[in-house]
Amino acid sequence: MNPFTSRVIDIIKSIPPGYVMTYGQIAGMAGSPRGARQVVRILHSMSSAYGLPWHRVVNAKGEIAIKDDESRFKQTIYLSDEGVIPGKDGLIDLERYRYVPVDMSER
DNA sequence: GCCATGGCTAGTA
DNA sequence: GCCATGGCTAGTA
509 MNPFTSRVID IIKSIPPGYV MTYGQIAGMA GSPRGARQVV RILHSMSSAY
559 GLPWHRVVNA KGEIAIKDDE SRFKQTIYLS DEGVIPGKDG LIDLERYRYV
609 PVDMSER
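Going by this note's numbering, the first residue of the first sequence is number 509, and it counts up by one from there.
Take a look at the structure:
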C-alpha cells in the first residue's frame with residue numbers, strides 16, 4: 509500500500525468520537541494537500557475492510573457530503589449519537605467539532 | 001474511469 | 001456552477 513494511503517487510514521482511525529475532520533484536512537496532514545479526492549476514494553472503498561470511522565469525515569463546508577441516501581442518513585445518526593449536531597443552517601460547526609491533532613514535533 | 005473535494009468566479013439581488 | 005485535481009481495495013465467483 510502507498511504511504512499516503514496508509515497515513516490517511518491512520519489519521520482517520522485517530523479521530524475521536526464527537527469530532528470530525530474534513531477530506532482536505534486529512535489529505536494535507538497525510539502529505540498531499542491536493543489529495544482530498546483520494547481521501548474520498550479511500551473512505552469509499554476501504555472503510556469496511558479497515559473499520560474506519562467514516563462517519564467522522566465531512567467536507568470543507570461542514571456538510572455531510574455522501575451521496576447515497578441510506579449511508580447519508582446513517583452518518584447523520586452516528587454523528588448525533590456522538591454529540592455532533594448540525595446547526596440551523598444544516599452545517600456542522602467546524603470551529604467547534606473539528607479535530608485538530610497536536611503535532612508532537614512542534615512542542 | 002472512479003470518487004463522499006475544494007476553491008474561485010460569474011451572475012444576481 | 002465550473003473545473004483542476006490524483007492515486008488506485010471493486011466485488012456479489
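Built from N, CA and C at the ideal position, the CB exists for glycine as well.
Here the structure is a predicted model, which means the values were calculated and not measured.
Use the C-beta contact count for Gly610: other C-beta atoms within 10 angstroms, 16 or more gives buried, fewer gives exposed. Counting from one through the first sequence, the residue named residue 610 turns up at place 102. According to the sequence as given, residue 610 is Val; it is not Gly. By the neighbour-count definition (other C-beta atoms within 10 Å, threshold 16), Val610 is an exposed residue.
Does the distance from the CB of Val528 to the CB of Val592 come in under 8 Å? For the purposes of this step, residue 528 is taken as the residue at position 20 of the first sequence. For the purposes of this step, residue 592 is taken as the residue at position 84 of the first sequence. Against a cut-off of 8 Å, the Cβ pair of Val592 and Val528 comes out as a contact.
Inter-residue Cα distance where the pair is Val516 and Tyr558: Counted from its first residue, the first sequence places residue 516 at position 8. Counted from its first residue, the first sequence places residue 558 at position 50. Computed Cα separation, rounded: 11 Å.
Met537 in three-state terms, based on DSSP: Position 29 of the first sequence, counted from the start, is the residue given in the question as residue 537. In the structure shown, Met537 adopts helical secondary structure according to DSSP, grouped into three states.
Glu578 to Gly539, Cα distance in whole Å? In the first sequence, residue 578 corresponds to position 70, counting from 1. In the first sequence, residue 539 corresponds to position 31, counting from 1. Taking the straight line from one Cα to the other gives about 32 Å.
Pairwise C-alpha distance: Ile523 and Tyr607: If you number the first sequence from 1, residue 607 lands on position 99. If you number the first sequence from 1, residue 523 lands on position 15. A straight-line Cα-Cα distance of about 7 Å links Tyr607 and Ile523.
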